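Visitor:
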Amino acid sequence: MNKTPHANRFHIGIYGNRNAGKSSLFNAIIGQDIAVVSEVEGTTTDPVFKAMELIPFGPVVFIDTAGLDDEGLLGDLRVEKSKKMLSRTDFAIYLVDGAAPDVQEYKAMTGTFKKYGIPFMCVVNKADLLNEIQKQAIRSNFGDVTFVSTQVMTDIHELNQKLMSQLTKIEEEPVIVGDLLPYGSTVVLVVPIDSEAPKGRIILPQVQLIRDCLDHGIKSYVVRDTELEVALKELPKVDLVVTDSQAFGAVSKIVPEHIKLTSFSILFARQKGDIKSLIEGVDAFKALKPNAKILISESCTHNHSHEDIGRVKIPNLIRNKISDQVEITFSMGHDFPENPNAFDLIIHCGACMMNRKSMQTRIDLCENQKVYITNYGLALAYFNGILERSVEILNL
Ligand code: SF4
């Protein structure tokens, strides 16, 4: 289970002021001394991540963040980093220092949670130092809270139970293809094995799609583009062909019109965020000026299989079909601009390494700033003249 990719894990962020005991709580919940704990304020500098199985909820990642009341130049940077974690947080635990409850910071932060649409719970630490009157005063200022003491380890089990009951109310990440096809359907996955393919393995989106098919009783067959035609003749009935977007042009010529066709990137775009916004984003291509500014954004920094598509193929298509004056910028990993309106269009990768929360935050940011955003698969489908066909399976 520890092999579950981070993107598929539910992200639980622990926020609060310095010295509230966030790292101690983090260690108490996960039952290990991962985060460094000390009496010195601001011990946690960069966010600490810990993936674990939260039984019976499932795979999660806990994020221990730096104090939100940190000061000075470095402190401001640490606060900035903690706040950046919000875009990846599916659920937040706000930890109050019971010995120094800061209701103003709590109110500011809960406003931020609401802005990002993050469900949260409030936990008060150092309960061993509080009498009943002090607890009552905290309740009247902070509302529904859970008291714990990470010092003497009281009520951690109750906190875990409460956390579990809150988490189970939260909607699960949508499936990849299992809700689009009935049980027993047949899907052919086209995986070109060219110089871009990593040696000895297939990449995460391909693995995840195969697993999704298995989970839903969908028969999946994996072929290279060079064997696709023969495979389609041999198989009695094929409901869907899913190809690497790079092969859209060639594959669309092989797959007969009565068989639906899409790409890994498009299926992931639907799983990771509002696909309708990304489809609308394709409209930007029709109106781009020759000196337009485009950002190509990839969510991971290490996967070479997309180097060609993001760094070469899509830029070449843009320069050929729109203008060679178009200014193209690249961003990788978590470096997504806070002001995407510096661009006329964002073209995003399939985001298989991101959780839905992070990708949807990017889409929302673009929508708020009225910037078009689309994705690799949709852009390539558009340039190959098969946009409508490639999204037919999505039943929009
Ligand atoms: S670049 Fe994007 S789609 Fe490709 S592997 Fe990384 S996260 Fe997944």
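Each residue of the sequence shown is one higher than the last, beginning at 25 in our numbering.
Yeah, the Cβ is synthetic: ideal placement off N, Cα and C, and Gly gets one too.
What you are looking at is a predicted structure, and each value in this text was computed from that prediction instead of being measured.
Taking the CB atoms as reference points, tell me whether HIS35 and ASP114 lie closer together than 8 Å.
Guide: yes
Visitor: For the alpha helix (DSSP H) that contains TYR400, what are its first and last residues?
Guide: 400-407
Visitor: Helix, strand or coil for HIS328 per DSSP?
Guide: Caution is warranted here: a pLDDT of 49 is assigned to HIS328, below 50, making its placement in the model unreliable, and the coordinate value is therefore given only provisionally. The answer is helix: DSSP assigns HIS328 an H, G or I state.
Visitor: Got a sec? Which residues, its chain only, sit under 8 Å from GLN270 by beta carbon, not counting five neighbours each side?
Guide: PRO216, GLU220, ASP332, ILE333, LYS337, LEU404
Visitor: Look at the Cβ atom of ASN43, then the Cβ atom of ASP121, and state whether they are nearer than 8 Å.
Guide: yes
Visitor: Measuring from the CB of GLY305, is there a heavy atom of the ligand SF4 at a distance below 7 Å?
Guide: The answer is no for GLY305.
Visitor: Within the same chain, show all residues whose beta-carbon is closer than 7 Å to that of THR136, passing over the 5 residues directly before and after it, in chain order.
Guide: LEU110
Visitor: Do the segment 343-360 and the segment 296-306 make contact, defined as three or more Cβ pairs closer than 8 Å?
Guide: No contact exists between the segment 343-360 and the segment 296-306.
Visitor: For a test of your reading of the model: does the CB of ALA308 fall under 7 Å from any non-hydrogen atom of the ligand SF4? Yes or no.
Guide: no
Visitor: With a threshold of 16 other CB atoms inside 10 Å of the CB of TYR207, please say whether the residue is buried or exposed.
Guide: exposed
Visitor: Is it the case that the Cβ atoms of ASP368 and ILE318 are separated by a distance below 8 Å?
Guide: yes
Visitor: Applying the criterion that 16 or more other CB atoms from any shown protein chain within 10 Å of the CB defines a buried residue, is ILE410 buried or exposed?
Guide: In this structure ILE410 is buried. Its beta-carbon is surrounded by 16 or more other beta-carbon atoms within 10 angstroms.
Visitor: Looking at C-beta atoms only, is the number of pairs between the segment 281-297 and the segment 256-263 that lie closer than 8 Å three or more?
Guide: By the C-beta criterion, the segment 281-297 is judged to be in contact with the segment 256-263, since at least 3 inter-stretch pairs fall below 8 Å.
Visitor: Measuring CA to CA, which of GLY82, LEU204, LYS46, ILE242 is closest to ALA116?
Guide: Looking at the Cα atoms, LYS46 is the closest of the given residues.
Visitor: Hey, would you say ASP17 sits closer than 8 Å to VAL201, going by beta carbons?
Guide: A query on residue 17 cannot be resolved here, the shown segment of the chain reaching from 25 to 420 and no further.
Visitor: Beta strand (DSSP E) containing ILE87: first to last residue?
Guide: From DSSP, the beta strand (DSSP E) with ILE87 extends over 82-88.
Visitor: Starting from TYR130, trace the beta strand (DSSP E) in both directions and tell me its first and last residue.
Guide: Where TYR130 is concerned, there is no enclosing beta strand (DSSP E), although the alpha helix (DSSP H) around it starts and stops at 127-139.
Visitor: Where in the segment 98-130 do unbroken runs of the beta strand (DSSP E), each at least 3 residues long, occur, reported from the N-terminal end onward?
Guide: The qualifying runs are 115-121.
Visitor: Hey, out of PHE73, LEU259, VAL85, whose CA is closest to SER209's CA?
Guide: LEU259
Visitor: Using a Cβ-based criterion (distance less than 7 Å to any ligand heavy atom), does PRO339 qualify as near the ligand SF4?
Guide: no
Visitor: Compute the Euclidean distance between the alpha carbons of SER289 and LEU183, then round it to the nearest angstrom.
Guide: 39 Å
Visitor: Is the segment 148-166 close to the segment 121-132, with three or more CB pairs under 8 Å?
Guide: yes
Visitor: Is the beta carbon of ARG386 closer than 8 Å to that of GLU197?
Guide: In terms of Cβ geometry, GLU197 and ARG386 do not form a close pair [threshold 8 Å].
Visitor: Mapping DSSP to helix, strand and coil, what is PHE309?
Guide: helix
Visitor: Mind checking who ASN32 pairs with in its DSSP beta bridge?
Guide: Per DSSP, none; premise fails for ASN32.
Visitor: When every heavy atom of the ligand SF4 is checked, does at least one fall within less than 7 Å of the C-beta of SER323?
Guide: For SER323, the distance from the CB to the nearest heavy atom of the ligand SF4 is below 7 Å.
Visitor: When the Cα atoms are used, what is the spatial distance from ASN26 to LEU49?
Guide: Reliability of the predicted coordinates at ASN26 is poor, the pLDDT of 47 falling under 50, and the value obtained from them is presented with this limitation in mind. Rounded to the nearest angstrom, the gap between the Cα atoms of ASN26 and LEU49 is 21 Å.
Visitor: Could you give the uninterrupted runs of the beta strand (DSSP E) lying entirely in the segment 319-364, keeping only those of 3 residues or more?
Guide: Qualifying beta strand (DSSP E) stretches, in chain order: 351-356.
Visitor: What number of angstroms, rounded off, separates the C-alpha of THR398 from the C-alpha of LEU153?
Guide: 53 Å
Visitor: Do LEU228 and the ligand SF4 come close, with the Cβ less than 7 Å from some heavy atom?
Guide: Yes; taking the cut-off as 7 Å, the Cβ of LEU228 has a heavy atom of the ligand SF4 nearer than that.
Visitor: So does ALA375 have its beta carbon nearer than 7 Å to some heavy atom of the ligand SF4?
Guide: yes
Visitor: What would DSSP say about ALA381, mapped onto helix, strand or coil?
Guide: The sequence as given places Lys at residue 381; Ala does not occur at that position. Helix, per DSSP.
Visitor: For VAL72, write down the residues that DSSP places opposite it in a beta bridge.
Guide: ASP88
Visitor: First and last residue of the alpha helix (DSSP H) that includes MET188?
Guide: 180-191
Visitor: So, for GLU251: in the same chain, excluding its five sequence neighbours on each side, which residues have a beta-carbon less than 8 Å away from its beta-carbon?
Guide: none
Visitor: Can we count ARG378 as close to the ligand SF4, meaning its CB is less than 7 Å from some heavy atom?
Guide: Reading the sequence as shown, one finds Met at residue 378 and not Arg. The answer is yes for MET378.
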